[in-house]
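Protein chains in written order, with this note's numbering: chain X, 35 to 393; chain P, 3 to 133; chain F, -4 to 106.
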């Protein structure tokens, strides 16, 4: 039997954009076990709800994470709207759908760039982020912010998108789709990329189910679940099917995410074709009383918002179960038995978002 | 699987214009909706204090007795909630961002009862532009 | 059970109910603690495809409850989080961090 050694990984590591710490138990070069510890960026945002008006908390909910900020704000608002029985105008629902899908494209492109950087393909990383920049510009044109949009409020949206703006965006997406196809060919067919991704970090369908994996990480293992199918915002009126792969390795996760970008562009086209005219917000009066569990499909997977209100300005509890938190047990499972050199790629393929995890 | 799948993009990049902008020479054109910083038309302010109560970051202070309205420029999160809730519509969102500075500063605006001219008076470290 | 149903159970029924729901093919979605006036309100959520069901556990401040991390493996993270941030006493967690999951300067739990 070879000797075991423990290698600390993180919280500062070139491949990690955010701090997480793993203790890797190694046998020679092989990882036997990994034990995570978190909390380096814990900000107590859930606790803050006890001291903030429930309307103001939207802006705090958005700041849980910088990548899915729109969906965090929206998830919180939809949960509060359910408690208060507020019916959001149709146009606002479609706007939410469009911005959600733009967030998804932006998040997946960011992830593709980080992945390319992790296996040392710097120019591919630049290409992904060049495309992502177009999305950020579109966000700034439509909402006024590049990362934090502040367009959600309980009862609807704070801003509308004029029809010609939506048309302009669609033509930008047409051009982007072509560039994406070229880039996707490199990710999915290039020899060097394939050797790094194929056959690494398997997660079986049964493991993905038992370990509570969510999002593209789960769908790459063959479980066709997508919370968007549950129907929030305008998704009940949109036709799409969850994208899955049956392989369950790092390549499959890349494949699923790349196809989700194309699917998101398609969803935006559908939403733009169906968006009705009208108001974007309804006035909300009174204070919430009750509780609700809201499920939202974020780029990284399903997020669960739990709101408990007591009929005053201040909520009793907001709990956000973020996708990365749910994916951690699955990630630890894939790490078992892998080579030390593959650890950065394995951690990246769950698309970890540590600020989400720790809130 | 193929080997030189990226070479087409590489060649294209070699002969096309850069994707970036020479920043200090060519300043950025902000879109109309950009939320950069909050500006106040102090002469129309009635010091109701609604903006400071609504502010999620507690960046705004309103002193009715002294007739001042002050904002922590680096505490402001540019959510524009104060602009939306101002009853007199004297707050507005401007496109330029607050310039980076070595220290945090508070910008104070004083309403003059007689003279209508606006007189910005930056508190601890004066040189923070807000135009 | 129907989607969104919340079933109130006693602390002793947690493990048998968890075993039953595991046998029915559900998986753990989240565990959430809320501080109440007299103790804690714990919500265990389980999902099977798009159906989400919950168990609710109202416990007094000093009651010790059993872990379900040996039934649902991912539960150890949620339970450690609750132990760390809320101070609920949970016994027999498969990987017990003893209130050290969150590496923060401030002393936890936050009361």
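Glycine included, every Cβ here is placed at the ideal spot set by N, Cα and C.
Using a C-beta cutoff of 8 angstroms, does residue i count as contacting chain F?
i: residue 54 (chain X); result: no
i: residue 253 (chain X); result: no
i: residue 48 (chain X); result: no
With a CB to CB cut of under 6 angstroms and the five nearest residues on each side skipped, what residues in its chain are close to residue i?
i: residue 218 (chain X); result: 292
i: residue 63 (chain X); result: 373 and 374
i: residue 57 (chain F); result: none
i: residue 146 (chain X); result: 162
i: residue 249 (chain X); result: 334, 335 and 357
i: residue 39 (chain F); result: 26 and 50
To the nearest angstrom, how far is the alpha carbon of residue i from that of residue j?
i: residue 127 (chain P); j: residue 95 (chain X); result: Caution is warranted here: a pLDDT of 44 is assigned to residue 127 (chain P), below 50, making its placement in the model unreliable, and the coordinate value is therefore given only provisionally. One C-alpha to the other measures close to 32 angstroms.
i: residue 131 (chain P); j: residue 109 (chain P); result: In this prediction, residue 131 (chain P) has a pLDDT of 43, which is less than 50 and means its spatial position is unreliable; what the coordinates show is noted afterwards. C-alpha separation (whole angstroms): 9 angstroms.
i: residue 234 (chain X); j: residue 225 (chain X); result: 15 angstroms
i: residue 259 (chain X); j: residue 139 (chain X); result: 19 angstroms
i: residue 257 (chain X); j: residue 376 (chain X); result: 24 angstroms
i: residue 328 (chain X); j: residue 110 (chain X); result: 8 angstroms
i: residue 297 (chain X); j: residue 274 (chain X); result: 8 angstroms
i: residue 82 (chain F); j: residue 93 (chain X); result: 28 angstroms
i: residue 209 (chain X); j: residue 144 (chain X); result: 19 angstroms
i: residue 16 (chain X); j: residue 365 (chain X); result: Because chain X here runs from 35 to 393, residue 16 (chain X) falls outside it and cannot be looked at.
i: residue 61 (chain P); j: residue 185 (chain X); result: 20 angstroms
i: residue 334 (chain X); j: residue 161 (chain X); result: 21 angstroms
i: residue 279 (chain X); j: residue 251 (chain X); result: 10 angstroms
i: residue 100 (chain P); j: residue 41 (chain P); result: 11 angstroms
i: residue 195 (chain X); j: residue 306 (chain X); result: 11 angstroms
i: residue 46 (chain X); j: residue 43 (chain P); result: 46 angstroms
i: residue 118 (chain P); j: residue 45 (chain P); result: Note on residue 118 (chain P): pLDDT 48, under 50, position unreliable in the model; the coordinate value appears next. The straight-line gap from Cα to Cα measures roughly 7 angstroms.
i: residue 37 (chain F); j: residue 26 (chain P); result: 55 angstroms
i: residue 263 (chain X); j: residue 290 (chain X); result: 17 angstroms
i: residue 326 (chain X); j: residue 337 (chain X); result: 14 angstroms
i: residue 39 (chain P); j: residue 388 (chain X); result: 29 angstroms
i: residue 29 (chain F); j: residue 59 (chain F); result: 16 angstroms
i: residue 15 (chain F); j: residue 45 (chain F); result: 19 angstroms
i: residue 63 (chain F); j: residue 353 (chain X); result: 20 angstroms
i: residue 18 (chain F); j: residue 12 (chain F); result: 10 angstroms
Determine, for residue i, whether the minimum Cβ-Cβ distance to residues of chain X falls below 8 angstroms.
i: residue 2 (chain P); result: Residue 2 (chain P) cannot be examined here, being either before or after the span of chain P that is shown, 3 to 133.
i: residue 69 (chain F); result: yes
i: residue 44 (chain F); result: yes
i: residue 24 (chain F); result: yes
i: residue 83 (chain P); result: yes
i: residue 47 (chain F); result: yes
i: residue 90 (chain F); result: yes
i: residue 81 (chain F); result: no
i: residue 63 (chain F); result: no
i: residue 75 (chain P); result: no
i: residue 97 (chain F); result: yes
i: residue 50 (chain F); result: no
i: residue 33 (chain F); result: no
Under 8 angstroms by Cβ, that's how I've got residue i and residue j pegged, so tell me the actual separation to the nearest angstrom.
i: residue 97 (chain F); j: residue 80 (chain F); result: 7 angstroms
i: residue 66 (chain P); j: residue 49 (chain P); result: 4 angstroms
i: residue 21 (chain F); j: residue -3 (chain F); result: Residue 21 (chain F) to residue -3 (chain F), Cβ: 13 angstroms. No contact.
i: residue 382 (chain X); j: residue 60 (chain X); result: In fact, because the Cβ distance is near 19 angstroms, the residues do not count as touching under 8 angstroms.
i: residue 88 (chain X); j: residue 347 (chain X); result: 6 angstroms
i: residue 57 (chain P); j: residue 84 (chain P); result: 6 angstroms
i: residue 386 (chain X); j: residue 54 (chain X); result: 6 angstroms
At the 8 angstroms Cβ level, is residue i part of the contact set with chain P, yes or no?
i: residue 302 (chain X); result: no
i: residue 326 (chain X); result: no
i: residue 332 (chain X); result: no
i: residue 141 (chain X); result: no
i: residue 79 (chain X); result: no
i: residue 389 (chain X); result: no
If I measure Cβ to Cβ from residue i and keep anything under 7 angstroms in the same chain, skipping five residues before and after, which residues do I get?
i: residue 126 (chain X); result: 190, 191, 314 and 315
i: residue 63 (chain P); result: 54 and 72
i: residue 121 (chain P); result: Summary for residue 121 (chain P): the model assigns pLDDT 48, below 50, so the residue's position carries little reliability; its value from the coordinates is reported in the next sentence. Here the set comprises 112 and 114.
i: residue 359 (chain X); result: 391
i: residue 158 (chain X); result: 150 and 220
i: residue 172 (chain X); result: 136, 203 and 206
i: residue 129 (chain P); result: With a pLDDT of 43 at residue 129 (chain P), under the threshold of 50, the predicted position of this residue should be treated as unreliable, and no value is reported.
Once you ignore the five residues that flank residue i on each side, which residues in its own chain have a CB closer than 8 angstroms to its CB?
i: residue 310 (chain X); result: 124, 125 and 128
i: residue 380 (chain X); result: 234, 235, 284, 365, 368, 369 and 372
i: residue 349 (chain X); result: 83, 84, 88, 91, 322, 341, 342 and 343
i: residue 125 (chain P); result: Low confidence applies here, because residue 125 (chain P) scores a pLDDT of 44, under 50, leaving its location unreliable; read the following figure in that light. Result list for residue 125 (chain P): 72, 107, 108, 109 and 110, in chain order.
If the cut is a Cβ gap below 9 angstroms, which residues of chain C does residue i touch?
i: residue 40 (chain F); result: Note that chain C does not occur in the displayed structure, where the protein chains are X, P and F.
Worksheet item: Within the chosen definition, does the stretch 232 to 246 of chain X reach the stretch 164 to 174 of chain X through at least 3 CB pairs nearer than 8 angstroms?
Response: no
Discussion item. If contact is defined by three or more beta carbon pairs under 8 angstroms, each pair taking one atom from either stretch, is the stretch 86 to 96 of chain F in contact with the stretch 60 to 74 of chain F?
Written reply: Between the stretch 60 to 74 of chain F and the stretch 86 to 96 of chain F there are three or more inter-stretch CB-CB distances shorter than 8 angstroms, so the stretches are counted as touching.
Practice prompt. Inspect the CB distances between the stretch -4 to 10 of chain F and the stretch 47 to 63 of chain F and report whether three or more fall short of 8 angstroms.
Written response: yes
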